[in-house]
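Residue numbers (my numbering), protein chains in the order written: chain A, 1 to 252; chain B, 1001 to 1789.
The structure appears below as structure tokens.
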Amino acid sequence: MKTILDVNELCKTYIVNKRQNNVLRNVSFKIEEGEMVAVMGPSGSGKSTLLYTVSGMDRMTAGKVEFCGKDISALKENELAELRLDDMGFIFQQMYMMKNLSVLDNIILPAIKSSKSKESRSKTTSRGRELMHKLGIAEIADNDINEVSGGQLQRACICRSMINHPQMIFADEPTGALNRTSSDEVMEELTKLNNDGTTIMLVTHDAKVAARCTRVLFIVDGVIKGEYDVDRESSERDRERALNNWLLEMGW
Amino acid sequence: MYFRILKKDLKRKKTMNIILLIFVILSAMFAASSVNNIVSVTNGLDYFFDKSGMTDYFCAVRGEENTQKVNEFLDSCEYVTKYGSEDVFYVNSSNIKRGGEKLYDFSGVGILQSVDACYLNLFTSDDDILKKVEKGKVYISGASIRKSGIKPGDKLSIEMNGIEMDLEFGGFIKDALLGSEMMSNPRFLLNREDYEEILKDKTTAEYSTGKMYYVNHTDNRDFEESTAEISNCLIFNFTKSMVKMTNLMNVMIAAILLVLSIGLMAVSFTVLRFTISFTISEEFREIGVMKALGLKNASIRGLYLVKYFGIAVTGAVIGYFASIPFGDLLLSAVSKNMVLGNDNSVLYGTLCSIGVVLMILLFCWSCTKKIKKLSPIDAVRNGQTGERFKKRSVMSLGRSRLGSTGFMTINDILSAPRQFGMITLIFTITTAIVMILSTTARTLDSDSLLYLMMVKPSDVFISDNDLSMNTMAGIETVEETNRKVEEILSENGMPGDVWLETWYKIPAEFNGTKNNVTFLWCADTKTTDYQYTNGSAPVLENEIALTKQIADSLGCDIGDSVKLTINDKTDEYIVTGLFQSFTNLGNCGRLCEKLDIADIPPAMTFYYQVDFDDDPDEEVIAQRMEKLKDIFDTENIFDNTGFTKDCMGVADTISTVRDMVLILSLIIIALISILMERSFITKEKSEIALMKALGFKSRSVISLHTLRFAVVLAAAEIISAALCIPLTSIVMEPAFSTMGAIGKIEYKFDPLEIFLIYPAVIMAVTTLSAFLTSLYTKTIKASDTSNIE
């Protein structure tokens, strides 16, 4: 299988009030094509920093990160922006969207911005509508972003992350701001995407969410303490129980 | 706890608080300086006249015999309450030299006098009364002399009838009577000893001396009618209202600055209100949290009021002190010629600053009404409650043909019409002010107002003071001097027809109403060469045309017969037409060329006008004008445009004011662009971070933010350019009508200036300001999506 993300000895340090804060310490891991990896850990352990650093949104202090064979530490800001636009998708805990655009326009915006995309504006629009239809939110296409529910908006964010056919989707607590029903719906969609071949890396606090992934990385104080392969063949309840047991072992 | 929250707020929202403070400073500065300027300008002329000790009537008289007559008249006139006089002698521009050359070609007679003979108070540039002139020094009044570029310390010489006296220029004086742009009679003030030294020459003492009279009287109309009997003795005479009119251009410039000040104040308050409203609406989270913790509406409102009160007081104090030099800067174009003070400037400034503080608290009070609407849930839902009253997105990206940046620019503007509408309005006001001034300056700097001088267009206008003086003194007739000029032209290879417009002061009477009317007459032109607003040109010798002002003052109309006393002979003349003219501020008439008055010396003359025989093109005329300057030893050789400009006298000042206003407008526009863009960045931090996270390059974000200002400004410039002529007409026509133009004025504008240069300069400054400020978006990273509040 092709390695999508290869992280080696990754370090991230913040200087706050002249004090050095080592958020990530020599973190190394790989994510293969088609995987769905969850990053778990206590608050302040460096989960989100890890996600933002490996996706090129934040600069690393040391180490090496290769995304689809490209060393992202060597890329300039503009090259990183292109990489995020064309090869990565992002889903945030807060459903950030451009407030002056309709839901559909928010979804197709990255495709129209992409210089790689050669398709016509109408084709892009109908593809956006298809994606919305697939995720069950076709009826809110022309709505403003604050005319829809949180669950609908997060599914719209998933559509937006998918619009440029990314190599990988990064999700930072995608269900963190949702109720259980909406959370289940969103995870259902992400699992479907993964089953269709999309590689996903997500940060979560929720074992139920992590249990839907193929692998779980457990991070404490900026160091990966352990990895857990989820048995997707077993039932959802069994997966969740096994994962919780592992997390207990890790000191969760 | 209360103050700890405040302290934290001031520190954490430093940028927005600083922006607010800057706007408060600007508001206080504009308000204090504008109100002081309003008081100074509206009372300006009265204040200046009052300080100068101006009287109701003024006249200049030459020669012993005339002086005697005027003395007798004033002593016997029942309407005169008080009068005074100054001993003076009259000079022309060839008597005042710098480095052997004429200092400046002033077209009227100059008045030379000793400082201790002054009846009026004359002021130095520091607004002190000039009481003493040191021996060897000379002070000069008259705005036109400033064009000579003379500076204090420069050496001058007075050369009269063989006497030559070297003097040092001490400075300009502010002269309520003769100091305005439209007056062509400069005043030279000397030390008593120097003055008497010049008068030692018998010719000067005999032929050039005279008196300036300052008269206070009771009944305006009766007094003016009674002056008809001395009209032949006067070189020139003015009523107080006419002197006020000559200062009209100064007042007009001051009024323009006033409009600008008020505009700036309005701009500042509008932005201030927007900023306060915007900062409060962005604080939904804090307000929600405070409500969740149990704080009451009044306490939360009090917190914001205390905060804005602190900012307002700080800003108002700084603004008040900044208003002093700023106000002086605004008035500098006017205060060169006038004493523009008000005795209560500190009081007004302080009241304005207090007014700004109260206004801010009022804004804050109205804006904080919103606090009642915000609930604890706003803290949880980031201010989005799901309530919507209107659709925000107005365009569809899918259907648009614009690129993503272009689309978002237009969509952002249309989605926030109040916000961007306000910026458009501000840009429109500032751009329109510049365009109005540009059009006015251009109109004054063209020949489109020539017809209002009541002269016929000609190839060149020549000023020859000596020949003109000869005609006025009766030494030569107009016909004789015209032939002399023609001969000079022929000798120099540029033959042409020469004519001279002359002014006669003629007593007129209609149905018992008398007036001393200035009549224009020229033997070598036809009355049909001039424009009339009503009726037709006088074509018979017993026909006349009058301005509307004169017809109204006499109570006559077209078809009426008016009695005119010419050379002690009274006849009836039929009014055939009405016209408009700037000549004598619209108080004049025209006699038919067939009337034979060629032997009567005129009271005044215009310039010699020439139409060359060979009908040369503009280039040849320009070359000939240069030649004529050497031949007639004068700089006052003009074409139609130059003559109009010279008569109006304020084209250069208006141009200077226009340039000053342009610079000021650019500063204001730049400041607004910077501050608004900075507040947009603060407001849109999450969206900027999101765009970057989605893969937008920094340059796309910068382009979007810069383009929004460019598009808004482009709209403002189109509106301003479209409204340029109607707005200029609305603003300037009242001023022109006061000067005598009662009909429509044909405004000239330079398309290059209006449609290209000014828009391009304003666009460049705005775009650059917005661009440089938007570079700050580079500090917002994609990863900031994780820590946006």
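Each residue gets a CB set at the ideal place from its N, CA and C atoms; glycine is no exception.
Owing to the predicted nature of the structure, the values given are computational and were not obtained by experimental measurement.
Query raised in the report: Could you check where the alpha helix (DSSP H) with B:L1047 kicks off and where it finishes?
Result: Reading the sequence as shown, one finds Tyr at residue 1047 of chain B and not Leu. Under the DSSP assignment, B:Y1047 falls in the alpha helix (DSSP H) whose first and last residues are 1044–1052.
Query raised in the report: In its own chain, which residues sit with a C-beta less than 8 Å from the C-beta of A:N245, not counting the 5 before and 5 after it?
Result: Answer for A:N245: no residue qualifies.
Report task. Measuring alpha carbon to alpha carbon, tell me which of B:G1210, B:E1159, B:T1533, B:S1226 ends up nearest B:I1198. Result -> Across the set B:G1210, B:E1159, B:T1533, B:S1226, the C-alpha of B:E1159 shows the shortest separation from the C-alpha of B:I1198.
Query - Length of the line joining the Cα atoms of B:A1508 and B:M1472 - result: Each residue's Cα considered, the two are about 21 Å apart.
Query raised in the report: Based on Cα-Cα distance, which residue from A:M98, A:L248, A:S55, A:T13 lies nearest to A:V7?
Result: Considering only A:M98, A:L248, A:S55, A:T13, the residue with the shortest C-alpha distance to A:V7 is A:S55.
Requested in this report: For the stretch 1518–1573 of chain B, list the beta strand (DSSP E) runs that are entirely contained and at least 3 residues long, ordered along the chain.
Outcome: Runs of the beta strand (DSSP E) inside the stretch 1518–1573 of chain B: 1543–1547, 1561–1566.
Query - Contacts around B:L1178, its chain only, beta-carbon distance under 8 Å, and the 5 residues preceding and following it disregarded - result: Closer than 8 Å at Cβ, skipping near neighbours: I1111, S1141, G1142, N1185, P1186, R1187.
Query raised in the report: If you measure from the beta carbon of B:D1412 to each beta carbon in chain A, is any gap under 8 Å?
Result: Output row for B:D1412: interface = yes.
Query raised in the report: For B:K1011 and chain A, any beta-carbon pair shorter than 8 Å?
Result: No, no contact with chain A.
**Report entry** C-beta contact flag for B:N1115 and B:L1189 at 8 Å
**Finding:** The sequence as given places Val at residue 1115 of chain B; Asn does not occur at that position. Result yes, Cβ atoms of B:V1115 and B:L1189 sit closer than 8 Å.
Query raised in the report: Can the beta-carbon of A:I31 be found closer than 8 Å to that of A:I4?
Result: Yes.
Query raised in the report: Which word fits B:V1109, buried or exposed, when buried means at least 16 other C-beta atoms lie within 10 angstroms of its C-beta?
Result: Buried, since its Cβ has 16 or more Cβ neighbours within 10 Å.
Query raised in the report: Between B:L1234 and the rest of its own chain, which residues show a CB-CB distance below 7 Å, the 5 nearest in sequence each way excluded?
Result: The answer, listed in chain order, is C1059, A1060, V1061.
Query raised in the report: Using CA coordinates, which residue listed in B:G1577, B:A1603, B:M1454, B:T1431 is at the minimum distance from B:T1795?
Result: Here chain B comprises residues numbered 1001 to 1789, so residue 1795 of chain B is not present and cannot be evaluated.
Requested in this report: For B:T1424, I'd like the list of residues in its chain whose CB is within less than 6 Å of its CB, leaving aside the five on either flank, ordered along the chain.
Outcome: Within the same chain, B:T1424 has close Cβ partners V1712, A1715, A1716.
Requested in this report: Spell out a yes or no on whether the stretch 1504–1523 of chain B and the stretch 1225–1241 of chain B are touching, meaning 3 or more CB-CB pairs, one atom from each, closer than 8 Å.
Outcome: Short answer: they touch.
Query raised in the report: What are the partner residues of B:L1593, as DSSP defines its beta bridges?
Result: It should be pointed out that residue 1593 of chain B corresponds to Glu in this sequence rather than to Leu. In the DSSP output, where bridge partners are listed per residue, B:E1593 has none listed.
Query raised in the report: Would you say B:E1687 reaches chain A, if we count a Cβ-Cβ gap shorter than 8 Å as a contact?
Result: Output row for B:E1687: interface = yes.
Report task. Using the Cα positions of A:L153 and A:Q93, report the straight-line distance between them to the nearest angstrom. Result -> About 11 Å.
Query - Close Cβ partners of A:R129 (< 8 Å) along its chain, the five nearest in sequence each way excluded - result: Here the set comprises L104, A138, A141.
Query raised in the report: Of the residues that make up the stretch 109–121 of chain A, which ones have a beta carbon closer than 7 Å to any beta carbon in chain B?
Result: The residues in question are L109, P110, I112, K113, R121.
Query raised in the report: beta strand (DSSP E) containing B:Y1083: first to last residue?
Result: Counting along the chain, the beta strand (DSSP E) containing B:Y1083 begins and ends at 1080–1091.
Query raised in the report: Taking C-alpha atoms, which residue in B:V1562, B:T1067, B:L1628 lies nearest to B:G1512?
Result: When only C-alpha atoms are compared, the closest one is B:V1562.
Report task. Quick one: give me the first and last residue of the alpha helix (DSSP H) that B:S1353 is part of. Result -> For B:S1353, the enclosing alpha helix (DSSP H) covers residues 1345–1367.
Query raised in the report: Does any residue of chain B bring its CB to less than 8 Å from the CB of A:Y96?
Result: At least one C-beta of chain B is nearer than 8 Å to the C-beta of A:Y96.
Requested in this report: Grab the span of the alpha helix (DSSP H) containing B:T1440 for me, first residue to last.
Outcome: Following the DSSP letters along the chain, one finds B:T1440 inside the alpha helix (DSSP H) bounded by residues 1417–1444.
Query raised in the report: Would B:A1603 be called buried (16 or more neighbouring beta carbons within 10 Å of its own) or exposed?
Result: Classification for B:A1603: buried.
Requested in this report: Determine, using beta-carbon pairs with one atom in the stretch 1013–1028 of chain B and one in the stretch 1306–1318 of chain B, whether at least three such pairs fall under 8 Å.
Outcome: Yes: the two stretches touch, three or more of their Cβ pairs being nearer than 8 Å.
Report task. Kindly indicate which three-state DSSP category A:T125 falls into: helix, strand or coil? Result -> Three-state result, A:T125: helix.
**Report entry** Beta-carbon neighbours of B:N1785, restricted to chain A and to distances below 7 Å
**Finding:** Position check: residue 1785 of chain B holds Thr in this sequence, whereas Asn was assumed. Residues of chain A with a Cβ closer than 7 Å to the Cβ of B:T1785 are, in chain order, F92, Y96.
Report task. Can you tell me which of the three DSSP states A:N26 falls into? Result -> Note: A:N26 maps to strand in three-state DSSP.
Query raised in the report: If you compare alpha carbons, which of B:T1481, B:T1428, B:G1044, B:L1358 is closest to B:C1724?
Result: Restricting attention to B:T1481, B:T1428, B:G1044, B:L1358, the CA atom closest to the CA of B:C1724 is found in B:T1428.
**Report entry** Backbone CA spacing between B:V1707 and B:L1272 [nearest angstrom]
**Finding:** Before going further, note that residue 1707 of chain B is Leu rather than Val in the sequence given. So the two alpha carbons sit approximately 23 Å from each other.
Query raised in the report: Taking only beta-carbon atoms, is A:D206 less than 8 Å away from chain B?
Result: The beta carbon of A:D206 sits no closer than 8 Å to any beta carbon of chain B.
Requested in this report: Counting only the same chain and skipping the five closest in sequence on each side, list residues whose C-beta sits under 7 Å from that of A:D144.
Outcome: Closer than 7 Å at Cβ, skipping near neighbours: S102.
Requested in this report: Compare the Cα-Cα distances from B:D1646 to each of B:F1089, B:T1431, B:D1126, B:K1147 and report the closest residue.
Outcome: The candidate whose alpha carbon is nearest that of B:D1646 is B:K1147.
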